[in-house]
Amino acid sequence: MIALHQVCARAGGFRLVDVSFTVPQGGYGVVIGPAGAGKTTLLETIAGVVRSTSGRIILGDEDLTHAPPESRRLGIVYQHAYLFPHLSVRENVAYGAVSDSIVNELSERFGVNALAHRSVDALSGGERQLVAIARTLARRPEVLLLDEPFSALDPRTRTTARRIVRALYQERRFTVLHVTHDFAEAGMLGDVAIVLDKGRVIQAGNPADVFRKPASPYIADFLGAENVFVGEARPIRPVSPDWLASGDADEDQVQRAVAFTTGALTFYALGDARSGRMHAVIRAEEVSLSTEPSMSSLQNQFRGVITEIAPAGAITRVTVDASGTPIVAAVTARSVRELELAVGNEVVAGFKATAVHLC
Amino acid sequence: METIVSLETAAAPRRSSAVTRAATGVAAGLVSSLFLLFLLAPLVGLVSSGGVRGIAALGNDHELRGSLARTAITATIATLLGVIGATPVAYLLARKRFRGQSLLAALIDLPIVIPHPVAGIALLLVLGRGSPVGGALYTSGLRVVGSTTGIVCAMLFVSAPLYVSAAREAFVRVDPRFESVARTLGDDAWRAFRRVTLPLAARGLTAAAVVMWARAVSEFGAIVILTYNPKVVSVLSYDRFTSYGLSETLPVAAVLVLLALIPLAALRALRAGGRLASS
Numbered sequence: 055m056i057a058l059h060q061v062c063a064r065a066g067g068f069r070l071v072d073v074s075f076t077v078p079q080g081g082y083g084v085v086i087g088p089a090g091a092g093k094t095t096l097l098e099t100i101a102g103v104v105r106s107t108s109g110r111i112i113l114g115d116e117d118l119t120h121a122p123p124e125s126r127r128l129g130i131v132y133q134h135a136y137l138f139p140h141l142s143v144r145e146n147v148a149y150g151a152v153s154d155s156i157v158n159e160l161s162e163r164f165g166v167n168a169l170a171h172r173s174v175d176a177l178s179g180g181e182r183q184l185v186a187i188a189r190t191l192a193r194r195p196e197v198l199l200l201d202e203p204f205s206a207l208d209p210r211t212r213t214t215a216r217r218i219v220r221a222l223y224q225e226r227r228f229t230v231l232h233v234t235h236d237f238a239e240a241g242m243l244g245d246v247a248i249v250l251d252k253g254r255v256i257q258a259g260n261p262a263d264v265f266r267k268p269a270s271p272y273i274a275d276f277l278g279a280e281n282v283f284v285g286e287a288r289p290i291r292p293v294s295p296d297w298l299a300s301g302d303a304d305e306d307q308v309q310r311a312v313a314f315t316t317g318a319l320t321f322y323a324l325g326d327a328r329s330g331r332m333h334a335v336i337r338a339e340e341v342s343l344s345t346e347p348s349m350s351s352l353q354n355q356f357r358g359v360i361t362e363i364a365p366a367g368a369i370t371r372v373t374v375d376a377s378g379t380p381i382v383a384a385v386t387a388r389s390v391r392e393l394e395l396a397v398g399n400e401v402v403a404g405f406k407a408t409a410v411h412l413c
Numbered sequence: 288m289e290t291i292v293s294l295e296t297a298a299a300p301r302r303s304s305a306v307t308r309a310a311t312g313v314a315a316g317l318v319s320s321l322f323l324l325f326l327l328a329p330l331v332g333l334v335s336s337g338g339v340r341g342i343a344a345l346g347n348d349h350e351l352r353g354s355l356a357r358t359a360i361t362a363t364i365a366t367l368l369g370v371i372g373a374t375p376v377a378y379l380l381a382r383k384r385f386r387g388q389s390l391l392a393a394l395i396d397l398p399i400v401i402p403h404p405v406a407g408i409a410l411l412l413v414l415g416r417g418s419p420v421g422g423a424l425y426t427s428g429l430r431v432v433g434s435t436t437g438i439v440c441a442m443l444f445v446s447a448p449l450y451v452s453a454a455r456e457a458f459v460r461v462d463p464r465f466e467s468v469a470r471t472l473g474d475d476a477w478r479a480f481r482r483v484t485l486p487l488a489a490r491g492l493t494a495a496a497v498v499m500w501a502r503a504v505s506e507f508g509a510i511v512i513l514t515y516n517p518k519v520v521s522v523l524s525y526d527r528f529t530s531y532g533l534s535e536t537l538p539v540a541a542v543l544v545l546l547a548l549i550p551l552a553a554l555r556a557l558r559a560g561g562r563l564a565s566s
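For the record, the sequence lines run as chains A and B.
Mind the numbering: the first sequence is residues 55 to 413 in our numbering, read in order.
Mind the numbering: the second sequence is residues 288 to 566 in our numbering, read in order.
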């Protein structure tokens, strides 16, 4: 387990302010945040390399706030491998290893056995990073801190490294805290997502919730939500049960149907009894396109004209101008072909009331 | 026709700029040659006039041989003391941020900028028999003034700041994250320093020690105040000059120049090794 309670720290120009979150024992936490948010400082504070000025750091079930780094039973892998240049590849992997057999096993698994006697200066960037991860895991840490370790790798090596780390994680169930810029990686790997900005945790929780229900327009924007609208919310009536059939509703909250007006559009959302100026966030993946209004459970459907089609790999982002409000939908390339989508064509953009997150 | 005119007008400034470049090159070459001549002529003259006699004198001039050995030994002792005492200071200045750090760094550099006889006088004040420290040392059997201990003290005082400065740079060049990684791999602070930082800074620290040794060997001003006798080579050359004139001084001075070439060669070798290692 990694549990931080109101931790403050300072390192150079970076600060952590009252940082609190928990990654359960054997869990996979992902830290996301803009450059300069204090992500590396956070990992170094947990590692004990940067001293916390207040708060508590619990690792496993022990309060290790004041313990030196070597007593914390953790490992850290930086974006730049920091291999010891005066040692060979094998000497690096063996640096803090608990046994020779684990050095052999990890060298084999990470495919660096053949490089054992090479100088680390002779390695490629990908090889260096694999050696760095093997070196850290050879100590058998209970907590693994990853500071964007895959970001500088080519796609193939990144996939390999990610797969090996994931497999080792499944086998040994150490607790992981992984800093990444890659939202796909965050969604794919994490049990807990922590959004950090200016040294503060601005949202923490299940990655799906963080992505679908960002706590603020800033987080929504940072997390790449394409549809963030500012407008007026007005509760209209208790929500009808069929709206909640998908199980998306928050059971702890009294839900009401809310009419949200932005520009010339008014759409339905779920919310509480508050009214007034708010933001509505709809992820592009939640918006569907059709040539005619559908009879499905989509409470919000708007006819508009396609203004842009932007293919991005398997997904294509289509922008629809609905009465002056641009709505972005993420659809598959196959849908683009089947619906014969083209700029200037008229389509219907639809989304459920439960897909609208008000903040 | 118009084209021809424009080509001609374009060619004229190009010719003029080529002439300016050539003239600038010649002027820079001339100034550089004069500067190098100014630096090298006295040394080449000294070695060519007294070098052979100096080396020959090593066989029969006991005083020169003795002072040469004394210079090398005392400079080596001063350097070792400097390395032991100043390495932690250099590390502290490179790695930690604390109040008064700039003041401490400036104070450490002070012996480099003050005239060396003044440094000798300052040492005499603290270590002379009349001072509390010097008196206590004398009573306990350690005479500083007029002894090899005094030579070592003078050498240490004037040359250690150079070591601190160069060693600090050597530590700054080692990314502290190497230490952080070593700590998370199970090393305590000292072990991480010994296993990672020290080997990575070793080349820079050795170069710093060589510079310190070279500076200690060439010291005169502070030593002559603290310990005229027994003589180191620099004091011996001054003594021969004032007692017997230029001709008798040349072999001693030439030997001192040749001695100074040893650390210079060592430094070059270290840097060449560094370039090879990093290429």
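The C-beta atom is built at its ideal place from N, Cα and C for all residues, glycine as well.
Rounded straight-line distance, which links the Cα of F68 of chain A to that of G253 of chain A: Here residue 253 of chain A is taken as the residue at index 199 of the first sequence, counted from 1. Here residue 68 of chain A is taken as the residue at index 14 of the first sequence, counted from 1. If you draw a straight line from the Cα of G253 of chain A to the Cα of F68 of chain A, it is about 7 Å long.
Residues within the segment 467-478 of chain B neighbouring chain A, beta-carbon criterion of under 9 Å: Taking 9 Å as the Cβ-Cβ cut-off against chain A, the residues of the segment 467-478 of chain B that qualify are S467, V468, A469, R470, T471, L472, G473, D474, D475, A476, R478.
CB contact check: I130 of chain A to chain B, cutoff 8 Å: Residue mapping note: residue 130 of chain A aligns to position 76 of the first sequence, counting from 1. So, interface residue.
7 Å Cβ cut-off: residues of chain A touching R464 of chain B: Counted from its first residue, the second sequence places residue 464 of chain B at position 177. Within 7 Å Cβ-Cβ: Y132, Y136.
Three-pair Cβ contact test at 8 Å for the segment 104-114 of chain A versus the segment 203-214 of chain A: At 8 Å Cβ cutoff, the stretches do not touch.
Neighbour flag for Y223 of chain A against chain B, beta carbons, 8 Å: Translated into the one-based positions of the first sequence, residue 223 of chain A becomes position 169. Answer no: the Cβ-Cβ gap between Y223 of chain A and chain B never drops below 8 Å.
Cβ of P486 of chain B within 8 Å of any chain A Cβ: Stepping through the second sequence from its first residue, residue 486 of chain B is reached at position 199. True, the Cβ-Cβ gap to chain A drops below 8 Å.
Amino acids of chain A, ordered along the chain, whose beta-carbon sits closer than 7 Å to that of V483 of chain B: Residue mapping note: residue 483 of chain B aligns to position 196 of the second sequence, counting from 1. What V483 of chain B touches in chain A: F138.
Candidates B:L537, B:A495, B:G508, B:A476: closest to L449 of chain B by CA position: Position 162 of the second sequence, counted from the first residue, corresponds to residue 449 of chain B. Of the candidates B:L537, B:A495, B:G508, B:A476, the one whose C-alpha sits nearest the C-alpha of L449 of chain B is B:A495.
Cβ shell of V402 of chain A (< 6 Å), same chain only, five flanking positions each side left out: In the first sequence, counting from the first residue as 1, residue 402 of chain A sits at position 348. Once the five neighbours on either side are set aside, the close Cβ partners of V402 of chain A are S344, P347, Q355, R357.
Cutoff 8 Å: M55 of chain A Cβ touching any chain B Cβ: Numbered from its first residue, the first sequence carries residue 55 of chain A at position 1. Taking Cβ atoms only, chain B never reaches closer than 8 Å to M55 of chain A, which makes this a no.
One or two residues paired with M332 of chain A in a DSSP bridge: As a working note, residue 332 of chain A is residue 278 in the first sequence. Note: M332 of chain A sits in a beta bridge opposite A:G285.
Reduced DSSP category for I363 of chain A - H, G, I as helix; E, B as strand; rest coil: Indexing the first sequence from 1 puts residue 363 of chain A at position 309. Looking at I363 of chain A - three-state DSSP - the assignment turns out to be strand.
Contact set for L137 of chain A: own chain, Cβ-Cβ below 7 Å, skip 5 residues either direction: For this step, residue 137 of chain A is matched to residue 83 along the first sequence. Its chain contains N146, V174, R182, V185, A186 as the residues whose beta carbon lies nearer than 7 Å to that of L137 of chain A, once the 5 sequence neighbours on both sides are disregarded; these appear in chain order.
Helix, strand or coil at A170 of chain A according to DSSP, with G and I counted as helix: Position 116 of the first sequence, counting from 1, holds the residue named residue 170 of chain A. In the displayed model, A170 of chain A falls within coil according to three-state DSSP, outside both helix and strand.
Under the three-state DSSP convention, the category I291 of chain B falls into: Position 4 of the second sequence holds residue 291 of chain B. Because I291 of chain B carries a pLDDT of 48, less than 50, the predicted location of this residue cannot be relied on, and the following value inherits that uncertainty. The answer is helix: DSSP assigns I291 of chain B an H, G or I state.
Assigned secondary structure, N158 of chain A (DSSP; H/G/I helix, E/B strand, else coil): Here residue 158 of chain A is taken as the residue at index 104 of the first sequence, counted from 1. It is helical.
Minimum C-alpha distance to T435 of chain B - residue among B:A423, B:D526, B:I512, B:V420: Numbered from its first residue, the second sequence carries residue 435 of chain B at position 148. Of the listed residues, the one whose Cα sits closest to T435 of chain B is B:I512.
CB-CB length for L412 of chain A against A323 of chain A, believed under 8 Å: Translated into positions along the first sequence, residue 412 of chain A becomes position 358. Translated into positions along the first sequence, residue 323 of chain A becomes position 269. Right, their Cβ atoms sit about 6 Å apart.
Three-state secondary structure (DSSP) of Q224 of chain A: Against the first sequence, residue 224 of chain A aligns to sequence position 170. If DSSP states are grouped into helix, strand and coil, Q224 of chain A belongs with the helices.
Cβ contact check for the segment 123-135 of chain A and the segment 192-212 of chain A: 3 or more pairs under 8 Å: The segment 123-135 of chain A makes contact with the segment 192-212 of chain A, as at least three CB pairs between them are under 8 Å.
DSSP beta-bridge partners of D201 of chain A: Counting from one through the first sequence, the residue named residue 201 of chain A turns up at place 147. According to DSSP, which records beta bridges pairwise, D201 of chain A is partnered with A:V233.
Simplified DSSP state of Q353 of chain A, which is helix, strand or coil: As a first step, residue 353 of chain A must be located in the first sequence, where it is residue number 299. DSSP places Q353 of chain A in the coil class of the three-state scheme, outside both helix and strand.
Option nearest Q224 of chain A by Cα separation, candidates A:S389, A:G81, A:I56, A:E394: Counting from 1 along the first sequence, the entry for residue 224 of chain A is found at position 170. Residue A:G81 is the option with its Cα nearest to Q224 of chain A.
Residues in the segment 113-124 of chain A having any Cβ partner in chain B nearer than 9 Å: P122, P123, E124
Check: V432 of chain B C-beta below 7 Å from any heavy atom of the ligand MN: The ligand MN is absent from the structure shown, which contains no ligand whatsoever.
Cβ-based burial, A556 of chain B [other Cβ within 10 Å; buried from 16]: Residue 556 of chain B sits at position 269 when you count from the first residue of the second sequence. Exposed, by the Cβ-count rule.
Best match in B:A541, B:K518, B:F507 for proximity to P402 of chain B [C-alpha to C-alpha]: Here residue 402 of chain B is taken as the residue at index 115 of the second sequence, counted from 1. Closest option to P402 of chain B, Cα to Cα, is B:F507.
Cα-Cα separation between V284 of chain A and G179 of chain A, rounded to whole angstroms: Here residue 284 of chain A corresponds to residue number 230 of the first sequence, with the count starting at 1. Here residue 179 of chain A corresponds to residue number 125 of the first sequence, with the count starting at 1. Answer to the nearest angstrom: the Cα atoms are 44 Å apart.
At least three beta-carbon pairs within less than 8 Å, the segment 376-391 of chain B to the segment 454-469 of chain B: yes
Residue-chain proximity (A188 of chain A, chain B), Cβ-Cβ < 8 Å: Reading the first sequence from its first residue, position 134 is the one you call residue 188 of chain A. No, because no Cβ of chain B sits closer than 8 Å to the Cβ of A188 of chain A.
Integer Cβ distance of E286 of chain A from T234 of chain A, believed to fall under 8 Å: Start at 1 with the first residue of the first sequence, and residue 286 of chain A comes out as number 232. Start at 1 with the first residue of the first sequence, and residue 234 of chain A comes out as number 180. About 36 Å; that fails the 8 Å criterion.
CB contact check: E196 of chain A to chain B, cutoff 8 Å: Locating residue 196 of chain A in the first sequence gives position 142, where the first residue counts as 1. False, the Cβ-Cβ gap to chain B never drops below 8 Å.
Contact under 8 Å by Cβ, L554 of chain B with V504 of chain B: Within the second sequence, numbered from 1, the residue matching residue 554 of chain B stands at position 267. Within the second sequence, numbered from 1, the residue matching residue 504 of chain B stands at position 217. The answer is no: Cβ separation not under 8 Å.
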